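Written below as structure tokens is the structure these notes are about.
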Amino acid sequence: LAYTVSTSMACKEALSKGEPFLLEPIMSVEIFVPDSFMGDVIGDLNSRGGKIESINPKINLQAIKAIVPLSSMFGYSTSLRSSTQGRGTFTMQFSHFDQRG
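Residue numbers (the working numbering): 17 to 117.
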């Protein structure tokens, strides 16, 4: 019992003296969209807290590279299909952890 109490007190003291923070996963996203839908897609990424890293023209498409918090990417495939009339595609992979907030 004494060990449990002392461990609890030590953890509370460490948390109060330290500066804990929460990390969230950040995803690297690459989106391919027809030119005519660029504005809608970039606006949607910005509303999700994304940061555009580059935009590269391809044949009849634009390739957008961005980093976006994973928590805001849930439901993105449906949103992308809606805003591009089903013609947009994307890939997503883990990039890094970042401090939340």
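Glycine is no exception: its CB is placed at the ideal position from the N, C-alpha and C atoms. This one's a predicted model, so the numbers in the text were calculated from it and none came from an experiment.
| Item | Value |
| --- | --- |
| Rounded C-alpha distance that separates Pro36 from Ala26 | 15 Å |
| Whole-angstrom distance between Ile42 and Gly66, CA atom to CA atom | 9 Å |
| is_contact[Phe110, chain E] using C-beta, thresh 7 Å | Absence of chain E from the displayed structure is noted, only one protein chain being present. |
| Leu77 - DSSP class collapsed to helix/strand/coil | strand |
| Assigned exposure category for Tyr19 - 16 Cβ within 10 Å defines buried | exposed |
| Same chain only: Cβ atoms within 6 Å of Asn72, ignoring 5 sequence neighbours per side | Ala79 |
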